[in-house]
Amino acid sequence: MLEFLPEDVRRGLEAARNRAARRGSRLCVHVGDQVFPILTLGDAGFSVDARHVPRLRGLVDIFDGPRHISRALIIAASEDGRTMTYEFKRETPVFQTPVRDYADDRALPSGYLAGPA
Numbered sequence: 010m011l012e013f014l015p016e017d018v019r020r021g022l023e024a025a026r027n028r029a030a031r032r033g034s035r036l037c038v039h040v041g042d043q044v045f046p047i048l049t050l051g052d053a054g055f056s057v058d059a060r061h062v063p064r065l066r067g068l069v070d071i072f073d074g075p076r077h078i079s080r081a082l083i084i085a086a087s088e089d090g091r092t093m094t095y096e097f098k099r100e101t102p103v104f105q106t107p108v109r110d111y112a113d114d115r116a117l118p119s120g121y122l123a124g125p126a
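Number 67 in my numbering belongs to position 58 of the sequence shown; there are no gaps in the numbering.
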């Protein structure tokens with residue numbers, strides 16, 4: 010359907026779509042001291058704006074606002090116009106609490122029963 014639109018209308022729609030994606034997403038990738046916004050994030054990788062982000066490679070950290078989501082080893086997969094897509098070679102989720110090295114055998118309550126009123 011986009012092939013029937015005039016070129017300036019097509020460019021305007023693409024610019025509006027990119028602005029909305031940048032504004033609506035809090036996702037960003039940290040490479041050393043540099044921070045770049047993520048347009049889309051999936052199970053296999055993520056994509057960024059190729060015009061504003063240099064070619065990335067290696068170990069990166071992915072954040073959702075101030076929350077650290079994961080650390081990943083990435084490679085460049087494809088460049089589609091103005092979008093650069095990177096694939097994960099390895100992605101490790103980041104936990105906010107330390108991982109336990111023992112089995113927790115405590116009986117936890119399965120619900121709260123209110124006493125007589």
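Backbone N, C-alpha and C fix where the C-beta goes; we use that ideal spot for every residue, glycine too. Every value quoted in this text rests on a predicted model; they were computed, and no experiment measured them.
Residue i vs residue j beta-carbon contact at 7 Å
| i | j | result |
| --- | --- | --- |
| Arg99 | Leu82 | yes |
| Phe97 | Gly54 | yes |
| Met93 | Val57 | yes |
| Arg80 | Asp70 | yes |
| Arg35 | Asp73 | yes |
| His77 | Val103 | yes |
| Arg91 | Arg60 | yes |
DSSP-derived helix/strand/coil call for residue i
| i | result |
| --- | --- |
| Arg109 | coil |
| Val103 | coil |
| Arg20 | helix |
| Val115 | It should be pointed out that residue 115 corresponds to Arg in this sequence rather than to Val. If DSSP states are grouped into helix, strand and coil, Arg115 belongs with coil. |
| Ala25 | helix |
Host beta strand (DSSP E) of residue i (start-end)
| i | result |
| --- | --- |
| Ser87 | Arg76 to Asp89 |
| His61 | Premise fails: His61 is in no beta strand (DSSP E) and is neither H nor E. |
| Ile71 | Gly67 to Asp73 |
| Leu48 | Looking at the DSSP string, Leu48 is not in any beta strand (DSSP E), and its letter there is neither H nor E. |
One or two residues paired with residue i in a DSSP bridge
| i | result |
| --- | --- |
| Asp95 | In the sequence under discussion, the amino acid at residue 95 is Tyr, which differs from the Asp named in the question. DSSP lists Phe55 and Ala85 as partners of Tyr95. |
| Leu36 | Asp73 |
Sequence-distant residues of its chain with Cβ nearer than 6 Å to residue i (five each side left out)
| i | result |
| --- | --- |
| Ala112 | none |
| Arg115 | none |
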